[in-house]
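In the numbering used here, the protein residues as written are 871 to 985.
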């Protein structure tokens, strides 16, 4: 099996390109994750069904209110709020580092990334 670097270099010689847009936990309107971010009862029901812990009721309500009428989603803000509301044990900084690692790997393979 060829490495990604080899595949990418071969693609560059053929004048083709690759692109990737990397976001981690960045819910968009219409997605189930966005429903959980904006509808605390739906998030609570899903968390109970799956045995997951989410933020307290007040935090969930505050975050939901912030996003309910938002039509433009900032990936950074959505990731921060999603983590705080739905994955309180996970540090936002850890996710940001993971996103950076994925982007760096893509760049090292010659893949164009969207940031």
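Where is the CB? At the ideal position from N, CA and C, for every residue including glycine.
All figures in this text were calculated on a predicted structure; none of them were measured in a lab.
Secondary structure at residue i, three-state DSSP: helix, strand or coil?
{"i": "residue 967", "result": "helix"}
{"i": "residue 983", "result": "strand"}
{"i": "residue 931", "result": "helix"}
If the criterion is Cβ atoms closer than 8 angstroms, does the pair residue i and residue j meet it?
{"i": "residue 924", "j": "residue 956", "result": "yes"}
{"i": "residue 972", "j": "residue 889", "result": "no"}
{"i": "residue 969", "j": "residue 914", "result": "no"}
{"i": "residue 967", "j": "residue 951", "result": "no"}
Closest to residue i by C-alpha separation, out of the options, would be which residue?
{"i": "residue 940", "options": "894, 970, 975, 900", "result": "900"}
{"i": "residue 948", "options": "960, 895, 890", "result": "895"}
{"i": "residue 959", "options": "919, 926, 981, 977", "result": "926"}
query = Quick check: the segment 894-906 against the segment 947-963, are there 3 or more CB pairs under 8 angstroms?
reply = With the cut-off at 8 angstroms, the segment 894-906 and the segment 947-963 touch.
task = Kindly confirm or deny that the segment 930-948 and the segment 910-920 touch, where touching means at least three C-beta pairs closer than 8 angstroms.
result = Yes: the two stretches touch, three or more of their Cβ pairs being nearer than 8 angstroms.
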